[in-house]
Amino acid sequence: MAQVTRPFFVRDRISDMDIMDRQSEKFLQVLADANTSYPAFDIQDLFLRFTMDVACEFLFGITAGSLDSPLPIAGRATLGHKGSATDDDFGTFTQAFEAVQVIQSARFLIGDSWPLFELFSDKSLGMVTTIQSWSRPNIERAIREAKDAREAGVPRNRAPTLLDHLIESIAEPDDVQFELLNVLMAARDTTGSVMAFVIYLLCLHPDVAQRLRSHVFDVWGKDGQPSYATIQKSEYMQAVLNETLRIFPPVAMGVRYSRSKPSSLPSDDPNRPFFMPGSTQITLLPTDIHRNKAFWGEDADEFRPDRWLDPALKQALATNPQMFIPFFQGPRICPGQQFAMAEATYLLARILQKYRKFELCPEYQPAGSRPPSEWKQHNGREAIEKCWPASAFTLHIKGGLWVRATLDTA
């Protein structure tokens with residue numbers, strides 16, 4: 009699938025910020041309404057709506073309208089499969105979309121014997137039906153439009169999208185739908201996760217938040233719109249994002265398989281490589297790698313963006329790039345890496361131009377989504393965590409991230 013999507017993340021397409029301009033304006037409007045109407049709001053939910061709307065428009069030419077749907081209400085929101093939940097049509101689709109991820113994650117952990125646990129019913133069947141009821145009409149509409157345009161000999165008034173390519177190259181609508189949803193999950197959930205954890209960490213570290221906001225003003229002013237060129241030069245913003253990706257990589261586990269014949273993997277001793285049997289599963293755990301003190305020092309569990317400005321770290325990464333793999337590496341590296349970083353930078357900059365600070369509101373977390381009290385006796389980050397990071401294919405904050413924002417009135 010990466011080979012199919014890669015052409016749609018070329019620099020010329022990523023640097024076109026029109027979609028982000030439109031969707032960020034909508035996001036800021038919805039955020040402002042939520043912040044003034046309620047005592048707190050779930051900013052993880054808002055980020056996931058934003059990334060879904062951007063992904064649908066950028067990749068598929070579809071208007072999803074996620075930000076136009078009702079938001080979860082502080083004090084009344086219930087615990088969803090990953091974040092908070094709403095009971096409208098969009099919320100029903102979202103919960104089905106996330107429930108399938110939870111079910112698939114459980115099946116993966118069980119292994120090949122998972123069908124034994126679902127002998128009498130397919131746990132995902134109802135969820136798949138709900139997802140299809142949302143996605144199938146959009147796909148069928150796009151297929152009709154593409155067919156009508158071809159038959160009429162009328163050129164499309166927009167650049168070709170990934171959905172256009174899938175329609176041309178894949179005959180069956182079901183196959184198009186499956187590929188679309190696979191890409192949508194990656195585009196929506198991973199970038200939304202990163203931005204939610206950035207806000208969470210800024211709440212815990214107001215000094216970093218203040219410095220990042222000053223950096224935003226230095227690069228873009230109080231109301232300037234980020235461009236692809238300026239995003240590439242926003243060094244401290246990139247440091248904050250990298251540090252967030254290090255501590256909370258959006259894909260906490262990856263799986264690869266060795267080729268059918270035995271081979272070897274490099275080790276610290278070039279004369280003693282690791283033997284790898286053929287057809288063997290290799291599990292990668294970015295979270296463990298990113299918090300390994302052998303790579304990152306004794307403060308590996310601490311959020312310290314300045315480490316990314318240290319030339320020594322840049323040298324270490326050049327020598328051992330496998331110590332930082334939020335998007336994985338090699339031929340199967342995430343093709344949307346640059347787009348995701350540009351998207352997160354763009355929206356976070358626009359937010360910080362308008363809001364002076366964010367505060368956590370744990371009292372509005374849905375029941376069952378606060379960190380367990382026993383975590384305080386654990387080692388590492390669990391002892392200090394103020395939210396509940398959880399993983400189901402992608403990392404998320406259980407129950408959402410409920411915050412309030414302070415508008416900059418200066």
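Counting in our numbering, the sequence shown runs from 9 upward without gaps.
The beta carbon of each residue, even a glycine, is placed where N, CA and C say it ideally should be.
### Message
Counting beta carbon pairs with one atom in the stretch 306-320 and one in the stretch 166-175, are three or more of them shorter than 8 Å?
### Response
no
### Task
Output yes or no for whether 8 Å exceeds the beta carbon distance between glycine 91 and isoleucine 405.
As a working mapping, residue 91 is identified with position 83 in the sequence shown. As a working mapping, residue 405 is identified with position 397 in the sequence shown. Yes, the pair counts as a contact, with Cβ atoms nearer than the cut-off.
### Pick from Asp416, Val411 and Leu415 that is closest to tyrosine 208, judged by C-alpha positions
Reading the sequence shown from its first residue, position 200 is the one you call residue 208. Closest option to tyrosine 208, Cα to Cα, is Val411.
### Task
Compute the distance between the beta-carbons of glycine 286 and arginine 267, then report whether it is under 8 Å.
For the purposes of this step, residue 286 is taken as residue 278 along the sequence shown, with counting starting at 1. For the purposes of this step, residue 267 is taken as residue 259 along the sequence shown, with counting starting at 1. Contact flag set, yes.
### Task
Kindly indicate which residue of Pro145, Gly73 and Glu106 has the alpha-carbon position closest to the one of valine 184.
In the sequence shown, residue 184 corresponds to position 176, counting from 1. Comparing Cα-Cα distances from valine 184 to each of Pro145, Gly73 and Glu106, the minimum goes to Pro145.
### Task
Excluding the 5 residues preceding and the 5 following lysine 301 in the sequence, name in chain order all residues of the same chain whose CB lies nearer than 7 Å to its CB.
For the purposes of this step, residue 301 is identified with residue 293 of the sequence shown, where counting begins at 1. Ala308.
### Task
Tell me whether leucine 293 sits in a helix, a strand or coil according to DSSP, three-state version.
Counting from 1 along the sequence shown, the entry for residue 293 is found at position 285. In the structure shown, leucine 293 sits in coil (DSSP, three-state: anything other than H, G, I, E or B).
### Task
Kindly indicate which three-state DSSP category isoleucine 341 falls into: helix, strand or coil?
On the sequence shown, residue 341 is found 333 positions in, with the first residue counted as 1. Coil, per DSSP.
### Stretch pair the stretch 367-380 + the stretch 327-338: three plus CB contacts closer than 8 Å
no
### Message
Helix, strand or coil for histidine 404? Go by DSSP, reduced to three states.
### Response
As a working mapping, residue 404 is identified with position 396 in the sequence shown. Of the three classes helix, strand and coil, the one that applies to histidine 404 here is strand, per DSSP.
### Query
Is the shortest distance between the beta-carbon of leucine 127 and the beta-carbons of chain B less than 8 Å?
Chain labels in this structure do not include chain B; a single protein chain is all it has.
### Query
Ordered along the chain, which non-local residues of its own chain (more than five positions away) have a Cβ less than 7 Å from that of threonine 434?
Residue numbering for the chain in the displayed model covers 9 to 418; residue 434 lies beyond these limits and cannot be assessed.
### Message
With the cut-off set at 8 Å, would you say leucine 36 and arginine 57 are in Cβ contact?
### Response
Translated into positions along the sequence shown, residue 36 becomes position 28. Translated into positions along the sequence shown, residue 57 becomes position 49. Not closer than 8 Å, so no.
### Task
Give the secondary structure of glutamate 367 by DSSP, where H, G and I count as helix, E and B as strand, and everything else as coil.
By 1-based counting over the sequence shown, the position of residue 367 is 359. Strand at glutamate 367.
### Straight-line Cα distance separating proline 397 from serine 381
Counting from one through the sequence shown, the residue named residue 381 turns up at place 373. Counting from one through the sequence shown, the residue named residue 397 turns up at place 389. Cα to Cα, the separation comes out at about 14 Å.
### Task
With DSSP collapsed to three states, give me the class of methionine 331.
Here residue 331 corresponds to residue number 323 of the sequence shown, with the count starting at 1. Methionine 331 falls in the helix class under three-state DSSP.
### Pair within 8 Å by beta-carbon distance, isoleucine 139 and valine 108
Looking up residue 139 in the sequence shown gives position 131. Looking up residue 108 in the sequence shown gives position 100. Against a cut-off of 8 Å, the Cβ pair of valine 108 and isoleucine 139 comes out as a contact.
### Query
Roughly how many whole angstroms lie between the Cα atoms of alanine 48 and cysteine 211?
As a position in the sequence shown, residue 48 is number 40, starting the count at 1. As a position in the sequence shown, residue 211 is number 203, starting the count at 1. About 14 Å.
### Query
Straight-line CA distance for proline 78 to aspartate 53?
Sequence index remark: in the sequence shown, residue 78 carries index 70 (1-based). Sequence index remark: in the sequence shown, residue 53 carries index 45 (1-based). About 11 Å.
### Task
For the beta strand (DSSP E) containing serine 272, list its first residue and its last residue.
Position 264 of the sequence shown, counted from the start, is the residue given in the question as residue 272. Counting along the chain, the beta strand (DSSP E) containing serine 272 begins and ends at 271-273.
### Task
Check whether the Cβ atoms of proline 334 and proline 294 sit closer than 8 Å, and answer yes or no.
Here residue 334 refers to the residue found at position 326 of the sequence shown. Here residue 294 refers to the residue found at position 286 of the sequence shown. The answer is yes: Cβ separation under 8 Å.
### Query
beta strand (DSSP E) containing tyrosine 265: first to last residue?
Looking up residue 265 in the sequence shown gives position 257. Element bounds for tyrosine 265: 262-265.
### Task
Rank Asp26, Ala40, Lys34 and Asp29 by C-alpha distance to the C-alpha of leucine 415 and give the top, closest one.
As a first step, residue 415 is located in the sequence shown; it is residue number 407 there, counting from the start. For leucine 415, the nearest C-alpha among the options comes from Ala40.
### Task
Could you check the C-alpha separation between glutamate 306 and tyrosine 354 for me, to the nearest Å?
In the sequence shown, counting from the first residue as 1, residue 306 sits at position 298. In the sequence shown, counting from the first residue as 1, residue 354 sits at position 346. Cα-Cα distance, rounded: 32 Å.
### Query
Which first and last residues belong to the beta strand (DSSP E) in which phenylalanine 283 is found?
Translated into the one-based positions of the sequence shown, residue 283 becomes position 275. Unbroken beta strand (DSSP E) run through phenylalanine 283: 282-284.
### Message
What residue range does the beta strand (DSSP E) around arginine 412 cover?
### Response
Here residue 412 refers to the residue found at position 404 when the sequence shown is read from its first residue. Arginine 412 -> beta strand (DSSP E) spans 410-415.
### Query
Using DSSP with H/G/I as helix, E/B as strand and the rest coil, what is serine 32?
Here residue 32 is taken as the residue at index 24 of the sequence shown, counted from 1. Of the three classes helix, strand and coil, the one that applies to serine 32 here is helix, per DSSP.
### Residue range of the unbroken alpha helix (DSSP H) whose run includes histidine 223
In the sequence shown, the residue the question calls residue 223 occupies position 215. 214-228 is the extent of the alpha helix (DSSP H) around histidine 223.
### Message
What would DSSP say about threonine 86, mapped onto helix, strand or coil?
### Response
To locate residue 86, count along the sequence shown from 1; it is residue 78. Strand.
### Pairwise C-alpha distance: valine 206 and leucine 409
Here residue 409 refers to the residue found at position 401 when the sequence shown is read from its first residue. Here residue 206 refers to the residue found at position 198 when the sequence shown is read from its first residue. Their Cα atoms are separated by approximately 11 Å.
### Message
I'd like to check one pair, valine 202 with alanine 400: are the Cβ atoms closer than 8 Å?
### Response
Working through the sequence shown from its first residue, we reach residue 400 at position 392. Working through the sequence shown from its first residue, we reach residue 202 at position 194. Not closer than 8 Å, so no.
### Message
Rounding to the nearest angstrom, what Cα-Cα distance links proline 278 and serine 272 in this structure?
### Response
Position 270 of the sequence shown, counted from the start, is the residue given in the question as residue 278. Position 264 of the sequence shown, counted from the start, is the residue given in the question as residue 272. For proline 278 and serine 272, the distance between alpha carbons rounds to 11 Å.
### Task
Write down the C-beta distance between alanine 195 and threonine 59 rounded to the nearest angstrom, noting that I regard them as a contact closer than 8 Å.
For the purposes of this step, residue 195 is identified with residue 187 of the sequence shown, where counting begins at 1. For the purposes of this step, residue 59 is identified with residue 51 of the sequence shown, where counting begins at 1. Confirmed, Cβ separation roughly 6 Å.
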